[in-house]
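Colleague: Sharing a structure, written as structure tokens. Questions coming.
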Amino acid sequence: MLRLLTLLIALLGAQALCAKQDVTPSTFHRLLVFNHSNELLVVKIKDRELWVTPGWYQDQENTIRQGLTELAGSYGLKIVDPSLRGVFVLLMGQQQKTSTRLIHVAIVQKPDIQLPEGIDQARWLPVDQALELINLPHIRYKIEQITAHPDTVWGGTQKMHWEDGVNKFEVVEEFYPLFSVGAGK
């Protein structure tokens, strides 16, 4: 717990430093929601051919837990004990703006899905099928690592940008373990 607190303080300090340099970093929370059959929820963004997992940009109104609970609730889901599994830096766009990407894992109580605004479809799929459907490489890359090694919180850095309608992705810093979290999800 002390390591997690230290890590979060360091991340917040880094964001404050970036703010002084007139850079606007963001924090995005990706939620890997599993049902009791160990299927992962994947969603299609409305009017785009993008399949991802649910996510939310940190705002000033919610704590992390509140935001994750509200995110799940927007899909009609109630989650149990969301837990951190990844702390990543994503350098985005041609300007390579910094975004902290936190990935959380949670189990759903009832898997009946409603579609929130901005989402066309939602599916429960086995992880291997979900990874085939997720078509943003930087997201798939992180989810593969987290689901293959669920007892560790991972760090790393990636770059991504769009070029001629194609999402380009590059690993800047390979995965590294931040700390162990014990048995599974």
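Those letters in the sequence shown? Residues -19 to -1, 1 to 166, by mature numbering (1 follows the signal peptide of the UniProt record, and there is no 0).
Cβ coordinates follow ideal geometry from the N, Cα and C atoms, glycine included.
1) Expressed to the nearest angstrom, what Euclidean distance is found between the alpha-carbon atoms of I94 and R29?
2) Report, in whole angstroms, the separation of the C-beta atoms of H119 and L65, which I expect to be a contact under 8 Å.
3) Buried or exposed for Y157, going by 16 or more other Cβ atoms inside 10 Å?
4) Taking Cβ positions, are K140 and F69 nearer each other than 9 Å?
5) In three-state DSSP terms, what is I78?
6) How long is the line joining the alpha carbons of V153 and M73, rounded to whole angstroms?
7) Please confirm if the segment 15 to 22 is in contact with the segment 95 to 109, defined as three or more CB-CB distances below 8 Å between the two stretches.
8) Is it the case that the segment 110 to 119 contacts the segment 38 to 50, given that we only count it when at least three CB pairs across the two stretches are under 8 Å?
9) Is it buried or exposed for A129, if we count other Cβ within 10 angstroms and need 16 for buried?
10) Specify the secondary structure class of D3 as computed by DSSP and reduced to three states.
11) Quick check: L83 and G67, are their CB atoms within less than 9 Å of each other?
12) What's the gap between the Cα of E155 and the Cα of T138?
13) Taking the straight line between their C-alpha atoms, what separation do you get for R11 and D62?
Modeller: Quick look at the numbers:
1) On the sequence shown, position 113 is the one that residue 94 refers to. On the sequence shown, position 48 is the one that residue 29 refers to. Rounded to whole angstroms, I94 to R29 spans 20 Å at the Cα level.
2) What you label residue 119 is simply residue 138 of the sequence shown in a count that begins at 1. What you label residue 65 is simply residue 84 of the sequence shown in a count that begins at 1. Not quite, the Cβ-Cβ distance comes to about 18 Å (not below 8 Å), so this is no contact.
3) Locating residue 157 in the sequence shown gives position 176, counting from the first residue. The residue in question, Y157, is exposed, as its Cβ has fewer than 16 Cβ neighbours within 10 Å.
4) On the sequence shown, residue 140 is found 159 positions in, with the first residue counted as 1. On the sequence shown, residue 69 is found 88 positions in, with the first residue counted as 1. In this structure, F69 does not lie closer than 9 Å to K140 by Cβ.
5) Here residue 78 refers to the residue found at position 97 of the sequence shown. Checking the sequence shown, residue 78 turns out to be Lys, not Ile. Here K78 sits in strand by DSSP.
6) Here the question's residue 153 lines up with position 172 in the sequence shown. Here the question's residue 73 lines up with position 92 in the sequence shown. Between V153 and M73, the C-alpha separation is close to 12 Å.
7) yes
8) Contact between the segment 38 to 50 and the segment 110 to 119 is absent: fewer than 3 CB-CB pairs across the two stretches fall below 8 Å.
9) Stepping through the sequence shown from its first residue, residue 129 is reached at position 148. Exposed, by the Cβ-count rule.
10) For the purposes of this step, residue 3 is identified with residue 22 of the sequence shown, where counting begins at 1. Reliability fails at D3, whose pLDDT of 46 lies under 50, so the model's placement of it is uncertain and the value that follows must be treated cautiously. Note: D3 maps to coil in three-state DSSP.
11) Position 102 of the sequence shown, counting from 1, holds the residue named residue 83. Position 86 of the sequence shown, counting from 1, holds the residue named residue 67. Yes, they are a contact pair.
12) Looking up residue 155 in the sequence shown gives position 174. Looking up residue 138 in the sequence shown gives position 157. Whole-angstrom Cα-Cα distance: 7 Å.
13) Position 30 of the sequence shown, counted from the start, is the residue given in the question as residue 11. Position 81 of the sequence shown, counted from the start, is the residue given in the question as residue 62. Roughly 15 Å separates the two Cα atoms.
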